[in-house]
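Residue 1 is where the sequence shown starts when you use the UniProt record's numbering, and the numbers rise one by one after that.
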Amino acid sequence: MTRTGREWRAESYAAANSGQVRAALKALAGAGLPRGGRFADVGCGSGEVAEAMARRGFTVDACDISESMVDAARARCAALPVTVERQDARRLALPAGAYDVVHSSWMLHWLEESGHPVRTMARAVAPGGLLVLQYSAGQPRADGFVLRDTLRAVADRPAWRDRLEDAPIMFHQHPADEVSVLLAAAGLAVSPVEPVAQDLGAGDLDRLRAALRAATFAAQAEVLGDDTDAFIDECLAALAAAGALDPHNVCIVARRPPL
């Protein structure tokens, strides 16, 4: 739930992206969580997952690059055993072997390079502990990256090119098979990768636009203002024509063997 560049806005994100939060909580519920312990939430957004895990009995360390998100998460979790700090996942720092659960949802595809954050999260998992990682654009590298290429082609159209010069499409592919290799090399046992169905609009175009404005196109929305929906509609039409509407969401669950 973190990206680099222009900052996420917690209020708009929380209002429009409950589907992303539900997907994160569903993945955690299906992973077989322990009964409490230490929990790391990397890319914590506005703190919904951190709050839920603290209420479940975990002591939570959460981080996000967005100051707005950090402030919102701190306010949400003020009465709970949750520590929230601002961290850039590109330079992620977590104590080795410290956490019973390490979690990150909807963050990795905003990073150009995945090796450091993935290795850092893996090293932070304690013996017998669990890592749950969800993100978009996890398809095999041989499949290409039509979604990103299509979005960039729309952004390069005359109507948008100059206005979006300082808000480029920043969306990165990290094939799940390659990420799984990194986790295995760090000593984790990796379960088969699962696709993730994510409810962003449920057929409601206004809901879909709102979700995309607050997340996928947050940087572009800051620049385009009232014209954002027109840009989103062009992107959706181009993606449909290219057969590229599937964001290739994946969930990877990995465990560190007990001592």
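Even glycine gets a Cβ: it sits at the ideal position worked out from N, Cα and C.
Note that the structure is predicted; figures quoted are calculated from it, not measured.
C-alpha of residue 97 to C-alpha of residue 165: approximately 42 angstroms in a straight line. Taking 8 angstroms as the upper bound for CB-CB distance, residue 52 and residue 82 are not in contact here, some 11 angstroms apart.
Look at residue 44 here: in three-state DSSP terms it is coil, with no helix or strand label. Residue burial is scored here from C-beta neighbours: residue 259 has fewer than 16 other C-beta atoms within 10 angstroms and is therefore classed as exposed. Under the DSSP assignment, residue 80 falls outside any beta strand (DSSP E); it carries neither an H nor an E label. Per the C-alpha coordinates, the member of 54, 221, 91 and 19 positioned closest to residue 111 is 91. The shortest CA-to-CA distance from residue 251 to any of 123, 177, 208 and 78 is the one to 177. Around the beta carbon of residue 204, fewer than 16 other beta carbons sit within 10 angstroms, so the residue counts as exposed. A distance below 7 angstroms between beta-carbons, with the five flanking residues on each side excluded, links residue 109 to the following residues of its chain, in chain order: 135, 136, 137, 171, 172 and 174. Beta-bridge pairing by DSSP links residue 172 to no other residue.
The stretch 239 to 250 and the stretch 115 to 129 do not touch, with fewer than three beta-carbon pairs separated by less than 8 angstroms. Here the stretch 213 to 225 does not lie against the stretch 179 to 186, with fewer than 3 beta-carbon pairs under 8 angstroms apart.
Nearest neighbour of residue 64 by Cα position, chosen from 22, 73, 57 and 114, turns out to be 73.
Here residue 181 carries a helix assignment [DSSP, helix/strand/coil].
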